[in-house]
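These notes are about the structure you will find just below.
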Amino acid sequence: MARPGENLRVGLFATCINDLLFPGTPAAVTRILERLGCRVEFPTAQTCCGQMFTNTGYFEAGLDTVKAYAQAFDGYDYIVGPSGSCVGSVRHQHQMLAESHPALAEKVARVVAATYDLSEFLIDVLGVDDVGAVFPHTVTYHPSCHSVRVAHVGDKPLRLLAKVQGLTLVELPDAATCCGFGGTFSLKNPDLSIALGRQKAANVVASGAEYVVAGDNACLMNIGGVLHREGAGVKPIHLAQILARTEAS
Numbered sequence: 007m008a009r010p011g012e013n014l015r016v017g018l019f020a021t022c023i024n025d026l027l028f029p030g031t032p033a034a035v036t037r038i039l040e041r042l043g044c045r046v047e048f049p050t051a052q053t054c055c056g057q058m059f060t061n062t063g064y065f066e067a068g069l070d071t072v073k074a075y076a077q078a079f080d081g082y083d084y085i086v087g088p089s090g091s092c093v094g095s096v097r098h099q100h101q102m103l104a105e106s107h108p109a110l111a112e113k114v115a116r117v118v119a120a121t122y123d124l125s126e127f128l129i130d131v132l133g134v135d136d137v138g139a140v141f142p143h144t145v146t147y148h149p150s151c152h153s154v155r156v157a158h159v160g161d162k163p164l165r166l167l168a169k170v171q172g173l174t175l176v177e178l179p180d181a182a183t184c185c186g187f188g189g190t191f192s193l194k195n196p197d198l199s200i201a202l203g204r205q206k207a208a209n210v211v212a213s214g215a216e217y218v219v220a221g222d223n224a225c226l227m228n229i230g231g232v233l234h235r236e237g238a239g240v241k242p243i244h245l246a247q248i249l250a251r252t253e254a255s
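Going by this note's numbering, the sequence shown runs without a break in its numbering and finishes at 255.
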């Protein structure tokens with residue numbers, strides 16, 4: 007029987023934070039997609055999505071990253087990334103930056119239309135909510151701001167978690183509140199950022215979960231840092247790393 011991703015050529019959009027700090031996450035995405043039949047390739051020419059430049063008004067610097075992204079990923083059936091934040095940036099900023107460059111804008115439109123967050127690619131494109139994962143632990147889910155409000159992944163991560171064998175999902179109090187990271191926000195507003203991070207960490211602990219899961223490692227890095235400093239014992243984990251597991255551990 008054909009697997010749902012059979013014959014699909016997928017470009018892995020690792021994102022710079024994962025490539026540099028959390029390489030296990032894009033590796034997990036590769037395992038998931040290959041298990042479902044996709045032919046996954048990592049274009050080595052990829053760089054940053056440019057979100058940091060664009061959010062702070064450095065449009066010319068941001069345009070260079072748009073050109074690099076379009077060049078690296080043009081020609082793939084789909085482009086899949088484990089970050090609602092970076093996928094949201096591609097969708098909502100790349101065409102804006104490229105609009106005054108007609109030849110580039112045409113290429114950008116193609117790659118933007120093919121770019122998906124992992125959770126929505128699995129459900130919306132492959133039509134799969136059960137990827138055969140096993141994770142016998144109690145987890146709570148943090149819906150990162152950009153995944154919900156920019157990439158609009160909705161409840162797809164929760165639907166995927168609900169099908170993981172052995173997993174117990176518990177509600178995160180005040181889940182929709184920001185964790186305080188927000189890229190340059192945490193640098194420009196450190197006091198507010200750490201206050202939000204501490205409140206988010208307190209809510210994670212209150213959930214009673216062993217793990218806090220999200221689709222963005224930047225948020226998990228922030229939340230996990232607070233949990234670690236406070237000796238909470240709750241561990242951060244990316245959604246992809248749960249979905250990639252096929253044996254209890």
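Just so you know, even glycine gets a beta-carbon here, dropped at the ideal spot from N, CA and C.
Where residue i and residue j are concerned, what is the direct C-alpha to C-alpha distance, given to the nearest angstrom?
{"i": "Ala-215", "j": "Val-145", "result": "5 Å"}
{"i": "Glu-253", "j": "Ala-139", "result": "8 Å"}
{"i": "Thr-50", "j": "Gly-30", "result": "17 Å"}
{"i": "Cys-92", "j": "Gly-237", "result": "30 Å"}
{"i": "Pro-196", "j": "Gln-171", "result": "39 Å"}
{"i": "Ile-243", "j": "Ala-104", "result": "35 Å"}
{"i": "Gly-43", "j": "Val-134", "result": "12 Å"}
{"i": "Gly-188", "j": "Leu-27", "result": "17 Å"}
{"i": "Glu-126", "j": "Leu-166", "result": "10 Å"}
{"i": "Arg-97", "j": "Ala-157", "result": "8 Å"}
{"i": "Leu-39", "j": "Ser-192", "result": "33 Å"}
{"i": "His-234", "j": "Phe-141", "result": "22 Å"}
{"i": "Asp-161", "j": "Arg-116", "result": "26 Å"}
{"i": "Ala-224", "j": "Lys-206", "result": "14 Å"}
{"i": "Ala-250", "j": "Lys-169", "result": "13 Å"}
{"i": "Lys-113", "j": "Val-176", "result": "43 Å"}
{"i": "Arg-37", "j": "Asp-83", "result": "18 Å"}
In three-state terms, what does DSSP make of residue i?
{"i": "Thr-144", "result": "strand"}
{"i": "Leu-14", "result": "coil"}
{"i": "Gln-171", "result": "strand"}
{"i": "Glu-47", "result": "strand"}
{"i": "Pro-196", "result": "helix"}
{"i": "His-100", "result": "helix"}
{"i": "His-152", "result": "helix"}
{"i": "Tyr-217", "result": "strand"}
{"i": "Asp-83", "result": "coil"}
{"i": "Asp-123", "result": "strand"}
Measuring alpha carbon to alpha carbon, tell me which of the options ends up nearest residue i.
{"i": "Ala-60", "options": "Phe-48, Pro-49, Thr-53 and Met-102", "result": "The amino acid at residue 60 is misidentified as Ala; the sequence shows Thr. Nearest option by C-alpha distance: Met-102."}
{"i": "Arg-45", "options": "Gly-11, Thr-31, Cys-22 and Pro-142", "result": "Gly-11"}
{"i": "Cys-184", "options": "Ala-238, Leu-164, Ser-213 and Asp-222", "result": "Asp-222"}
{"i": "Leu-173", "options": "Glu-47, Tyr-217, Val-232 and Gln-77", "result": "Tyr-217"}
{"i": "Asp-130", "options": "Val-114, Pro-108 and Pro-163", "result": "Pro-163"}
{"i": "Gly-81", "options": "Lys-206, Ala-182, His-143 and Phe-48", "result": "Phe-48"}
{"i": "His-107", "options": "Ser-95, Ala-76 and Leu-132", "result": "Ala-76"}
{"i": "Cys-22", "options": "Arg-41, Ala-74, Phe-65 and Ala-157", "result": "Ala-74"}
{"i": "Glu-66", "options": "Leu-202, Gly-94, His-100 and Arg-37", "result": "His-100"}
{"i": "Val-240", "options": "Arg-37, His-143 and Ala-201", "result": "His-143"}
{"i": "His-152", "options": "Ser-95, Ala-109 and Lys-194", "result": "Ser-95"}
{"i": "Gly-90", "options": "Val-154, Asn-228, Ala-207 and Ser-199", "result": "Val-154"}
{"i": "Arg-9", "options": "Leu-110, Val-114, Ala-207 and Leu-128", "result": "Leu-128"}
{"i": "Arg-15", "options": "Tyr-64, Leu-175, Leu-132 and Ile-200", "result": "Leu-132"}
Using a Cβ-Cβ cut-off of 6 Å (strictly less than) and excluding sequence neighbours within five positions of residue i, which residues of its own chain qualify?
{"i": "Ile-85", "result": "Gly-17, Phe-19, Phe-79, Ala-120 and Thr-121"}
{"i": "Ala-220", "result": "His-148, Ser-150 and Leu-226"}
{"i": "Arg-88", "result": "Note that residue 88 corresponds to Pro in the displayed sequence, not to Arg. Excluding residues within five positions, the ones whose Cβ falls inside 6 Å are Thr-31, Val-35, Leu-124 and Ala-246."}
{"i": "Gly-68", "result": "Gly-56, Phe-59, Thr-60 and Leu-103"}
Report all residues from its chain with a CB closer than 8 Å to the CB of residue i; omit the five preceding and five following residues, and keep chain order.
{"i": "Thr-62", "result": "Thr-190"}
{"i": "Asp-25", "result": "Pro-32"}
{"i": "Pro-179", "result": "Asn-209, Ala-212 and Ser-213"}
{"i": "Leu-202", "result": "Thr-183, Cys-184, Cys-185 and Gly-186"}
{"i": "Leu-110", "result": "Val-72, Lys-73, Ala-76 and Ala-104"}
Might you give, ordered along the chain, the residues of its own chain that have their beta carbon closer than 7 Å to the beta carbon of residue i, omitting 5 neighbours on each side?
{"i": "Thr-71", "result": "Thr-53, Cys-54, Cys-55, Gly-56 and Phe-59"}
{"i": "Arg-204", "result": "Val-232"}
{"i": "Gly-230", "result": "Pro-242"}
{"i": "Val-118", "result": "Val-96, Arg-97, His-100 and Gln-101"}
Is residue i close to chain D, meaning its C-beta is less than 8 Å from at least one C-beta of that chain?
{"i": "Thr-60", "result": "The structure shown contains no chain D; it holds only a single protein chain."}
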